[in-house]
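Since the structure comes first, as structure tokens, the remarks are kept for the end.
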Amino acid sequence: MNHLSASTPPRRSRLALATLQSLGLSLALTLGGAALPLGSAQAAASQQKVQAPGWYRLMVGAAEVTALSDGTVDLPVDQLLHAPKGKVSSGLKKHYLAAPLETSVNGFLINTGSRLILVDAGAGSLFGPTLGRLAAQIVAAGYQPEQVDDIVITHMHPDHVGGLVADGKRVFPNATVHADQADKDFWLSKAHLDAAPAANKGFFQGAMASLNPYDEAGKLKTFSGNGEVLPGLRTHATHGHTPGHNVYVLESEGKRLVLIGDLIHVASVQLESPEVTIGFDSDAGQARKERLRLFKQLASDGSLVAVSHFPFPGVGRLRASGKGFAWVPLNYSSQVK
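If you're matching positions, the sequence shown starts at 1 in the UniProt record's numbering and goes up one per residue.
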């Protein structure tokens, strides 16, 4: 039976304390000064208040995919989402969130081994000072904008095309931009710009400023319907959020990644209630229909999914949950696999 009193440290604790005291004295002698008492404070280090470069890399078969953060933006989702009273606030609260919601804007860079393909280009200067970092993230991830061969656009909203230009010049001078013909016909039309309400004209002006330099250089190609836009990358029309919104499907060595653009915006609300739409939708009913249809398929087949506005890096899987869905984020790996 151990008869040591409660005030007497066990032998291993006494040895550890003696070792620390000895190390402190040795260090003081080495430095030529007095040992600092254990637990004493050092001079405060300055807080840095910046994040690490926003990129995350994974493999999809033989294709290397790099998720890129263009930054975040505060969105008044309580005003933007079309939902019954209380549904948005309760959904946010359940996830310890509130409006305005800090929302990620993500792009994705695909290296197939023969081509470097960018999926969406971020906001550039069109959406405020907290966005517009995508080109810098490409450099941080080890590439240069000049190396990008192709850019595929899910749709022509400013936070997906604004990063194509800077000061009126093409940021990706060697790249060809691919987009749905329906989006080009709508967003690059002067007649539609003139007919748009004043509050919406900026969407048209942003698309024109971003894409016209590529069009004028013969670097804008359009497609219609589903098909292979580039080797290993297929388009899948999901019109509704915009007249030409598309999902892209990357396939390599039996693996698949589905890049769904703006098929969903607010995970904390729209996963549980996928019928909820957002004010950015051109055709809310069609956007809702496409979301439900594709989400059921993705939850069934377990495809890896990349989302433009889920918290960075926005990669994971969907599974069915009640009348809606749940998001299963990709498990973090320090290895590229």
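Here a beta-carbon is modelled for each residue, glycine too, at the ideal position from N, C-alpha and C. None of the values given here were measured: they were computed from a predicted structure.
Quick check on F108: does DSSP put it in helix, strand or coil?
The answer is strand: DSSP assigns F108 an E or B state.
Measuring straight from C-alpha to C-alpha, what distance separates D78 and Q270?
12 Å
Close Cβ partners of V88 (< 6 Å) along its chain, the five nearest in sequence each way excluded:
D78, L81, V269
Along the chain, where does the alpha helix (DSSP H) containing L268 start, and where does it finish?
Strictly speaking, residue 268 in this sequence is Ser, with Leu absent from that position. That run of the alpha helix (DSSP H) goes 267-270.
Cα-Cα separation, A299 to R317
Taking the CA atoms as reference points, A299 sits about 7 Å from R317.
Assign G54 to one of two classes, buried (16 or more other C-beta atoms within 10 Å of its C-beta) or exposed (fewer than that).
buried
If you compare alpha carbons, which of V266, L294, V276 is closest to K85?
V276
Between G227 and R234, is the Cβ-Cβ spacing less than 8 Å?
yes
Could you check whether N106 and D150 sit closer than 8 Å to each other, using their CB atoms as the reference points?
no
Are the CB atoms of H236 and V249 nearer to each other than 8 Å?
Their beta carbons are under 8 Å apart, which means H236 touches V249 by this criterion.
Can you give, in chain order, each stretch of the alpha helix (DSSP H) that sits fully within the stretch 185-222 and has at least 4 residues?
190-195, 201-216
Helix, strand or coil: which one does DSSP assign to E275?
coil
Which residues share a DSSP beta bridge with M59?
E64
Give me the Cα-Cα distance between V315 and P129, rounded to the nearest whole angstrom.
Between V315 and P129, the C-alpha separation is close to 25 Å.
Rounded straight-line distance, which links the Cα of A207 to that of E251:
29 Å
Count the CB pairs spanning the stretch 92-110 and the stretch 305-314 that are closer than 8 Å, and state whether there are at least three.
yes
At which residues does the beta strand (DSSP E) containing R319 begin and terminate?
315-321
Counting Cβ pairs closer than 8 Å, one from the stretch 154-171 and one from the stretch 106-125, do we hit at least three?
yes
I'd like to confirm the pairing. Which residues does DSSP put opposite R170 in its beta bridges?
V165
Could you check whether the stretch 177-192 touches the stretch 147-167, counting it as contact only if at least three pairs of C-beta atoms, one from each stretch, sit closer than 8 Å?
Under the 8 Å Cβ criterion, the stretch 177-192 counts as touching the stretch 147-167, having at least three qualifying pairs.
Taking only the alpha-carbon atoms, compute the straight-line gap between L109 and A62 and give it to the nearest angstrom.
14 Å
Taking DSSP as the reference, what is the three-state secondary structure of F295?
helix
What residues in its chain sit with their C-beta under 8 Å from that of L164, if we drop five residues either side in the sequence?
For L164, where only same-chain residues beyond five positions count, the Cβ hits under 8 Å are A121, G124, I151, R170, V171, F172, V177, S210, L211, P213, Y214.
Would DSSP call I260 helix, strand or coil?
coil
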